[in-house]
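A.B. asks: Here it is, the structure in full.
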Amino acid sequence: MLSKFFRKTPLAWRQLMKEKTRLAIAVSGIAFADMLMFIQLGFEGALFDAAVKPHRNLQADLVLINPQFQTLFSVKSFSRERLYQTLSYDGVQSVNSVYISTGQWRNPQTRLDRAILVWGIDPAKPAFLFPEVQQHQNDLKQLYQVMFDQAGRPEYGDIATILKQTGKFETELNGKGINVKGVFSNGASFAADGNVIASDSTFLQLFPDRKADQIEVGLITLKPGANHEQVRSQLAAGLPNDVIVLTTEGFAQIEKSYWANGTGIGFIFGLGVGVGFIVGIVIVYQILYSDVSEHLPEYATLKAMGYSDRYLLGVLLQEALFLACLGFLPSFFLSLGLYQLTYAATLLPIFMKVERAITVFILTIIMCTFSGAIAMRKLRAADPADIF
17 MLSKFFRKTP LAWRQLMKEK TRLAIAVSGI AFADMLMFIQ LGFEGALFDA
67 AVKPHRNLQA DLVLINPQFQ TLFSVKSFSR ERLYQTLSYD GVQSVNSVYI
117 STGQWRNPQT RLDRAILVWG IDPAKPAFLF PEVQQHQNDL KQLYQVMFDQ
167 AGRPEYGDIA TILKQTGKFE TELNGKGINV KGVFSNGASF AADGNVIASD
217 STFLQLFPDR KADQIEVGLI TLKPGANHEQ VRSQLAAGLP NDVIVLTTEG
267 FAQIEKSYWA NGTGIGFIFG LGVGVGFIVG IVIVYQILYS DVSEHLPEYA
317 TLKAMGYSDR YLLGVLLQEA LFLACLGFLP SFFLSLGLYQ LTYAATLLPI
367 FMKVERAITV FILTIIMCTF SGAIAMRKLR AADPADIF
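Structural data, given as structure tokens:
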């Protein structure tokens, strides 16, 4: 079938190569449209990945949260009693609790305060999968000892470097002196520019208005071999409706859904992709339309010789596919470079993904094919008798 589509005489390729300047302009335009789509999808993916990274790094099989929970930026609490009730269900091995709140971190160099997300955990029980946290978790048992997110914004200070050089780093959090015992890597997100992990005792000292029996996240570890979905269903049916039971991925999806649908971010990125798609259609249409207009006598000759509109449409579609491939390749490699620059500037986890590359390539083919089909209207209207 492909051999019939790409004829022995590469008419489409020769027409494109005849006007190299026009070809270069077309490829540049398509590459620009593709880069716009790559950047918009890249930002969207990076921001969503950053927003849900702490959720996916919680060490638990199931998670208990307040049903009104939407985002870490405005977290809702619930009674710790609900978490303990889960221990009476078959399949539940152990539970753990996490406090979450936003504090004010002081950069000791600039003396400026900046909001930071504070996590309070039981230092005797693993709560995160971050290897650095597990390694230094015992250090958090002393009051006012914390771990700092070295992948956060640089405005917090160069904590990792100072800690490595001097072995200590002291500053203030919520106006109280703290000591950084180690660093881990999570990164900035929608909810916070950085993160701090402290013991539950230190957390309650930093936030004296908080009640010890009100937690934000309950971590549930199941017995080996337990069916996660079955236990989750039993807990959901048996516990009061002031809590909900989710997997860690389900917990992450609530956060992602909030930023995608509960704010204008999802619409903005989608609009950017749509604009890039439309720009590409206009550019390719102008190139193909100009090509048809310039070679109208030749096309009319082919029609007079008996070639059908379907054959000529095939030639235009071949040109469109060639343009799609030629425009996609430079945009792909240029986007890789832009992703690296963006990561260095923002610390967002923006990297090329296979599914994103495939999505943009498919959109490019649709964009070019649609443009070729529109340009075909002028060719169909051409009458050989009128031209000669």
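When we follow our numbering, the leftmost residue of the sequence shown carries the number 17, and every step to the right adds one. Where is the CB? At the ideal position from N, CA and C, for every residue including glycine. Remember, it's a predicted structure, so these values are computed and weren't measured experimentally.
#1: Can you tell me the Cα-Cα spacing of I299 and L337, whole angstroms?
#2: Let me check one thing: in DSSP terms, what residues is S306 bridge-paired to?
#3: Can you say whether Q246 is buried or exposed, counting buried as having 16 or more other CB atoms within 10 angstroms of its CB?
#4: Could you check the C-alpha separation between V108 and G234 for me, to the nearest Å?
#5: Under three-state DSSP, which class holds M163?
#6: Which residue's Cα is closest to the Cα of I194: Q221, G210, L128 and Y160?
#7: Going by beta carbon distance, what residues of the same chain come within less than 7 angstroms of F22, once the five residues before and after it are set aside?
#8: For the candidate residues L287, L88, P83 and L145, whose alpha-carbon lies nearest to that of A252?
#9: Keeping to the same chain, check which residues put their C-beta closer than 7 angstroms to that of L179; ignore five residues upstream and five downstream.
#10: Does the region 59 to 66 come close enough to the region 350 to 368 to have 3 or more Cβ pairs within less than 8 angstroms?
#11: Going by DSSP, what residues sit across from I116 in a beta bridge?
#12: Roughly how many whole angstroms lie between the Cα atoms of Q31 and V308?
#13: Going by CA-CA distance only, name the one from S306, I260, S104 and M53 that's closest to L287.
#14: How close, in whole Å, do the beta carbons of I270 and Q75 come, if the pair is a contact with beta carbons under 8 angstroms?
#15: Taking the DSSP output, what are the residues bridged to Q230?
#16: Would you tell me roughly how many angstroms separate the C-alpha atoms of Y305 and I297, rounded to the nearest one?
#17: Could you tell me the boundaries of the alpha helix (DSSP H) in which N277 lies?
#18: Hey, how far is the Cα of T218 from the Cα of G278?
#19: Look at the Cβ atom of F285, then the Cβ atom of Q56, and state whether they are nearer than 8 angstroms.
#20: Just to confirm, are N211 and D155 a CB contact at a threshold of 8 angstroms?
#21: Since A140 and P346 should fall inside the 8 angstroms C-beta cutoff, what is the C-beta to C-beta distance between them, to a whole number of angstroms?
#22: Can you check which of these residues, F293, A214, Y100 and E188, is closest to M51 by C-alpha distance?
#23: Starting from the C-beta of F283, find all residues in its chain whose C-beta is less than 7 angstroms away, skip the five residues before and the five after it, and write them out in chain order.
#24: Residue range of the beta strand (DSSP E) that L78 falls in?
C.D. replies: So, to answer that:
#1: Numbered from 1 along the sequence shown, position 283 holds the residue referred to as residue 299. Numbered from 1 along the sequence shown, position 321 holds the residue referred to as residue 337. Approximately 14 angstroms between the Cα atoms of the pair.
#2: Looking up residue 306 in the sequence shown gives position 290. Under the DSSP definition of a beta bridge, S306 lacks any partner.
#3: Your numbering for residue 246 matches position 230 in the sequence shown. Counting Cβ neighbours within 10 Å, Q246 comes out exposed, since fewer than 16 surround it.
#4: Counted from its first residue, the sequence shown places residue 108 at position 92. Counted from its first residue, the sequence shown places residue 234 at position 218. Spanning the two alpha carbons is a distance of roughly 13 angstroms.
#5: Numbered from its first residue, the sequence shown carries residue 163 at position 147. Looking at M163 - three-state DSSP - the assignment turns out to be strand.
#6: Residue numbering aside, residue 194 sits at position 178 when the sequence shown is read from its first letter. It is Y160.
#7: Position 6 of the sequence shown, counted from the first residue, corresponds to residue 22. Because F22 sits at a pLDDT of 47, beneath the cut-off of 50, its placement in the model cannot be relied upon, and the following sentence gives the value as read from the coordinates. Only Q334 meet the Cβ criterion.
#8: Here residue 252 corresponds to residue number 236 of the sequence shown, with the count starting at 1. The option with the nearest alpha carbon to A252 is P83.
#9: In the sequence shown, the residue the question calls residue 179 occupies position 163. Cβ within range, chain order: F185, V196 and V199.
#10: yes
#11: For the purposes of this step, residue 116 is taken as the residue at position 100 of the sequence shown. I116 pairs with W135.
#12: Against the sequence shown, residue 31 aligns to sequence position 15. Against the sequence shown, residue 308 aligns to sequence position 292. Each residue's alpha carbon lies about 10 angstroms from the other.
#13: Position 271 of the sequence shown, counting from 1, holds the residue named residue 287. Of S306, I260, S104 and M53, the residue nearest in Cα terms is M53.
#14: For the purposes of this step, residue 270 is taken as residue 254 along the sequence shown, with counting starting at 1. For the purposes of this step, residue 75 is taken as residue 59 along the sequence shown, with counting starting at 1. No, I270 and Q75 are not in contact; Cβ-Cβ is about 19 angstroms, not under 8 angstroms.
#15: On the sequence shown, residue 230 is found 214 positions in, with the first residue counted as 1. S95, per the DSSP bridge assignment.
#16: Stepping through the sequence shown from its first residue, residue 305 is reached at position 289. Stepping through the sequence shown from its first residue, residue 297 is reached at position 281. Using only the alpha carbons, I get a separation of about 12 angstroms.
#17: Here residue 277 corresponds to residue number 261 of the sequence shown, with the count starting at 1. Secondary structure note for N277: its alpha helix (DSSP H) is the uninterrupted segment T264 to N277.
#18: As a first step, residue 218 must be located in the sequence shown, where it is residue number 202. As a first step, residue 278 must be located in the sequence shown, where it is residue number 262. If I take the Cα positions, the gap works out to 33 angstroms.
#19: The residue given as residue 285 occupies position 269 in the sequence shown. The residue given as residue 56 occupies position 40 in the sequence shown. Yes, the pair counts as a contact, with Cβ atoms nearer than the cut-off.
#20: Here the question's residue 211 lines up with position 195 in the sequence shown. Here the question's residue 155 lines up with position 139 in the sequence shown. For N211 and D155, no; Cβs fall outside 8 angstroms.
#21: Taking the sequence shown and counting its residues from 1, one reaches residue 140 at position 124. Taking the sequence shown and counting its residues from 1, one reaches residue 346 at position 330. Going by Cβ atoms, the distance from A140 to P346 rounds to 55 angstroms, so no, they are not a contact pair.
#22: In the sequence shown, residue 51 corresponds to position 35, counting from 1. Taking only the C-alpha atoms, the option nearest M51 is F293.
#23: As a first step, residue 283 must be located in the sequence shown, where it is residue number 267. Cβ within range, chain order: n/a, list empty.
#24: Your numbering for residue 78 matches position 62 in the sequence shown. Looking at the DSSP string, the run of the beta strand (DSSP E) that includes L78 is L78 to I81.
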